[in-house]
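For the sequence shown, the positions run 18 to 113 when my numbering is used.
Cβ atoms here follow ideal geometry from the backbone N, Cα and C, with glycine treated the same way.
From a predicted model like this one, the values you see are computed outputs, not experimental measurements.
Scroll down for the structure; my scribbles are underneath it.
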Amino acid sequence: MQNLMQNLRQNLMQNLRQNLMQNLRQNLRQNLRQNLMQNLMQNLRQNLMQNLRQNLRKNHMQNLRKNLMQNLRKNLMQNLRQNLRQNLRQNCNMDL
Numbered sequence: 018m019q020n021l022m023q024n025l026r027q028n029l030m031q032n033l034r035q036n037l038m039q040n041l042r043q044n045l046r047q048n049l050r051q052n053l054m055q056n057l058m059q060n061l062r063q064n065l066m067q068n069l070r071q072n073l074r075k076n077h078m079q080n081l082r083k084n085l086m087q088n089l090r091k092n093l094m095q096n097l098r099q100n101l102r103q104n105l106r107q108n109c110n111m112d113l
């Protein structure tokens, strides 16, 4: 009878240890998966925001350059027309 009780205790302890180890491994795997997913999502969000900021800066600079060139062309043409008119006026006045 004593042997039976001792065997029961041993089996119980062994089962408890096995279950504990199994639960620990399962929890570890689950935590690793969760952490991995959290890190992936966080990195994805950070990368998306960084790319968005970079693209906005790039587009802004492109637009600034484009507007600058348009304004330069416009001003150049205005100045050319104005100079042409002045020269024509001066030449016409000289002829008279």
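Taking the alpha-carbon positions, what's the N92 to Q55 distance?
The count along the sequence shown starts at 1 and reaches residue 92 at position 75. The count along the sequence shown starts at 1 and reaches residue 55 at position 38. Rounded to the nearest whole angstrom, the C-alpha separation of N92 and Q55 is 55 Å.
What is the DSSP secondary structure of M66, reduced to helix, strand or coil?
By one-based count along the sequence shown, residue 66 stands at place 49. The answer is helix: DSSP assigns M66 an H, G or I state.
Out of curiosity, what's the CA-to-CA distance linking Q39 and L45?
Walking along the sequence shown from the start, residue 39 turns up at place 22. Walking along the sequence shown from the start, residue 45 turns up at place 28. Rounded to the nearest whole angstrom, the C-alpha separation of Q39 and L45 is 10 Å.
Three-state secondary structure assigned by DSSP to M18
In the sequence shown, the residue the question calls residue 18 occupies position 1. Correct three-state label for M18: coil.
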